[in-house]
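Numbering (the numbering used here), first residue to last: 264 to 671. Each residue gets a CB set at the ideal place from its N, CA and C atoms; glycine is no exception. Beneath this line is the structure, given in structure tokens, with notes to follow.
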Ligand SMILES: [Ca+2]
């Protein structure tokens, strides 16, 4: 496509062009020369080849007339946003997520026990995943943040060049779910990238792992907690979770130990090299292989990661994610947490101080988002507004100095 026709094509999607001009991200031009409606029409051939009936197809797209501009906005944001591991963990493994988890352990104790019995996944691990995915379902109540999945994925297939292939295969899987009748169309909601229900399964994973655990004939991870938790457990089991085994060990490093990050050895070998547990306890499983991870950088604590850590990464292929699930599961199981500290820069806030910062900004009228300890773009914007109003350097940084000013 030449640049003029791309420009003309983009002009038709005024809303999208506006969003991307604001964020400075890649232009959301359609992948081919088609309009969105033409794309939907032509995509039917691919869907039909995968067994999707015309009736299912028309039903799924009956309410869809144009791409979802918010999906493209979120897709661009996702690529740019990175945080430090301690910020990531503060927002996810904290007194609130632990307390909510313990409450849910009580409410769904019977379900968790039968899931554990059938799939061999500890209740604490299932709860930690549920917390990470949707804050035990709370995120599903913020319906304004949810997207109609067929439209979201059609948008990605149509206009997100980097994720076009993902969008097409997930869209086919979505249509297969519609055809199977696991969920009513109006409930087929998910994240911008099609992650659905309490435990956030993308359509292909839903098809591979979905479980009808409450026995009503539907795999309903949107409304049935037993189905959602069993589906999560099934994913871990099929990826060879080892029941009752640790996911990894926090370690103290010998001199130059960080140089061995990324290497895999048996725990016996690591021990011989001078790696040890900070509390002085012995490693179990001496013959097991473990990979050295320095997730907070070479000056932070190390972790020797075992098989279960990599099984958790099958849920979401991120070291941050798997570590957060592991640490939260340990807390929920009453095991001790991290012993060593992350190398936080001087002047940065602890997890609880981040909650306090948001509360103070909110009380002073600079912040109207959630008090969740996550210092994301919204909190940063509020900090900047506060700094500007108070004649401070406007850098949007959440620091001890800023907290002192806010406390006054
Ligand atoms: Ca069911």
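(message) For ligand 2, I want to know if residue 360 counts as a neighbour, meaning its beta carbon is within less than 7 Å of at least one of the ligand's heavy atoms.
(response) You won't find ligand 2 in this model; what it holds is ligand 1.
(message) Relative to the C-alpha of residue 378, which candidate in 483, 528, 476 has its C-alpha closest?
(response) Stepping through the chain shown from its first residue, residue 378 is reached at position 115. Residue 476 holds the alpha-carbon nearest to the alpha-carbon of residue 378 among 483, 528, 476.
(message) One question on the structure: do residue 427 and residue 420 come within less than 8 Å of each other, judged by their Cβ atoms?
(response) The residue given as residue 427 occupies position 164 in the chain shown. The residue given as residue 420 occupies position 157 in the chain shown. Yes, the pair counts as a contact, with Cβ atoms nearer than the cut-off.
(request) Could you check the C-alpha separation between residue 546 and residue 572 for me, to the nearest Å? (result) Here the question's residue 546 lines up with position 283 in the chain shown. Here the question's residue 572 lines up with position 309 in the chain shown. Distance between the alpha carbons of residue 546 and residue 572: 16 Å.
(message) So residue 565 and residue 606 are supposed to be a Cβ contact under 8 Å. How far apart are they, rounded?
(response) Sequence index remark: in the chain shown, residue 565 carries index 302 (1-based). Sequence index remark: in the chain shown, residue 606 carries index 343 (1-based). About 12 Å separates the beta carbon of residue 565 from that of residue 606, a gap too long to meet the 8 Å contact definition.
(request) If I'm right that residue 461 touches residue 488 with Cβ under 8 Å, what's the distance once you round it to whole angstroms? (result) Within the chain shown, numbered from 1, the residue matching residue 461 stands at position 198. Within the chain shown, numbered from 1, the residue matching residue 488 stands at position 225. Contact between residue 461 and residue 488 is confirmed by a C-beta separation of about 6 Å, below the 8 Å threshold.
(request) Report the option in 323, 328, 312 whose CA atom is closest to the CA atom of residue 301. (result) Stepping through the chain shown from its first residue, residue 301 is reached at position 38. Of 323, 328, 312, the smallest CA-CA separation from residue 301 is found for 328.
(request) Could you name the residues that DSSP lists as bridge partners for residue 378? (result) The residue labelled residue 378 in the question sits at position 115 within the chain shown. DSSP lists no partner for residue 378.
(request) Tell me whether residue 476 sits in a helix, a strand or coil according to DSSP, three-state version. (result) Numbered from its first residue, the chain shown carries residue 476 at position 213. Coil.
(request) Measure the alpha-carbon distance for residue 430 versus residue 297 and round it to whole angstroms. (result) The residue given as residue 430 occupies position 167 in the chain shown. The residue given as residue 297 occupies position 34 in the chain shown. Residue 297 has its alpha-carbon roughly 16 Å from the corresponding atom of residue 430.
(request) Count the other C-beta atoms from every protein chain shown that fall within 10 angstroms of the C-beta of residue 663, then say buried if there are 16 or more, exposed otherwise. (result) Taking the chain shown and counting its residues from 1, one reaches residue 663 at position 400. That one is exposed.
(message) Within 8 Å, do at least three Cβ pairs link the segment 469-483 to the segment 509-518?
(response) For the pair of segments examined, the segment 509-518 was found not to touch the segment 469-483: the number of CB pairs separated by less than 8 Å stays below three.
(request) Under 8 Å by Cβ, that's how I've got residue 601 and residue 590 pegged, so tell me the actual separation to the nearest angstrom. (result) Numbered from its first residue, the chain shown carries residue 601 at position 338. Numbered from its first residue, the chain shown carries residue 590 at position 327. Contact holds; Cβ gap of about 7 Å.
(request) Leaving aside the five residues before and after residue 536 along the sequence, list all residues of the same chain whose C-beta is less than 7 Å from its C-beta, in chain order. (result) The sequence position of residue 536 within the chain shown is 273, counting from 1. Beyond the five residues adjoining it in sequence on each side, residue 536 comes within less than 7 Å, by CB distance, of 517 in the same chain, given in chain order.
(message) Using a 10 Å radius around the Cβ and a threshold of 16 neighbouring Cβ atoms, would you call residue 466 buried or exposed?
(response) In the chain shown, the residue the question calls residue 466 occupies position 203. In summary, residue 466 is buried, with 16 or more beta-carbon neighbours lying within 10 Å of its beta-carbon over all protein chains present.
(request) Give a yes or no on whether the C-beta atoms belonging to residue 335 and residue 422 are separated by under 8 Å. (result) Numbered from its first residue, the chain shown carries residue 335 at position 72. Numbered from its first residue, the chain shown carries residue 422 at position 159. Yes, Cβ-Cβ distance for residue 335 and residue 422 is below 8 Å.
(request) Let me have the residue list for ligand 1: C-beta closer than 5 Å to any non-hydrogen atom, ordered along the chain. (result) Those residues having their beta-carbon less than 5 Å away from any non-hydrogen atom of ligand 1 are, in chain order, 475, 477, 479, 481, 483, 487, 490.
(request) Using 10 angstroms around the beta-carbon of residue 308, count the other beta-carbons present and answer buried if the total reaches 16, otherwise exposed. (result) On the chain shown, position 45 is the one that residue 308 refers to. Exposure of residue 308 is indicated by the presence of fewer than 16 other C-beta atoms within 10 angstroms of its C-beta.
(message) By DSSP's criteria, residue 553 is part of a beta bridge. Which residues make up the other side?
(response) Within the chain shown, numbered from 1, the residue matching residue 553 stands at position 290. According to DSSP, which records beta bridges pairwise, residue 553 is partnered with 528.
(request) Give me whichever residues DSSP pairs with residue 454 in a beta bridge. (result) As a position in the chain shown, residue 454 is number 191, starting the count at 1. Listed as beta-bridge partners of residue 454 by DSSP are no residues whatsoever.
(request) Name the two residues that bound the continuous beta strand (DSSP E) containing residue 513. (result) Residue mapping note: residue 513 aligns to position 250 of the chain shown, counting from 1. Element bounds for residue 513: 511-514.
(request) Identify, in the order they occur along the chain, each residue of the same chain with its Cβ nearer than 7 Å to the Cβ of residue 617, setting aside the five sequence neighbours on each side. (result) One-based indexing of the chain shown puts residue 617 at position 354. Closer than 7 Å at the Cβ level, and outside the excluded window around residue 617, lie 353, 636, 638, 661.
(message) Tell me the rounded alpha-carbon separation between residue 446 and residue 485.
(response) As a working note, residue 446 is residue 183 in the chain shown. As a working note, residue 485 is residue 222 in the chain shown. If I take the Cα positions, the gap works out to 8 Å.
(request) Note down the Cα distance separating residue 395 from residue 587, rounded to an integer number of angstroms. (result) By 1-based counting over the chain shown, the position of residue 395 is 132. By 1-based counting over the chain shown, the position of residue 587 is 324. Cα to Cα, the separation comes out at about 8 Å.
(request) For residue 544, count neighbouring Cβ atoms within 10 angstroms of its own Cβ and tell me buried if that reaches 16, exposed if not. (result) Here residue 544 corresponds to residue number 281 of the chain shown, with the count starting at 1. The residue in question, residue 544, is exposed, as its Cβ has fewer than 16 Cβ neighbours within 10 Å.
(message) Give me the residue from 433, 375, 360 with the minimum Cα distance to residue 399.
(response) Your numbering for residue 399 matches position 136 in the chain shown. Measuring from the Cα of residue 399, the nearest candidate turns out to be 360.
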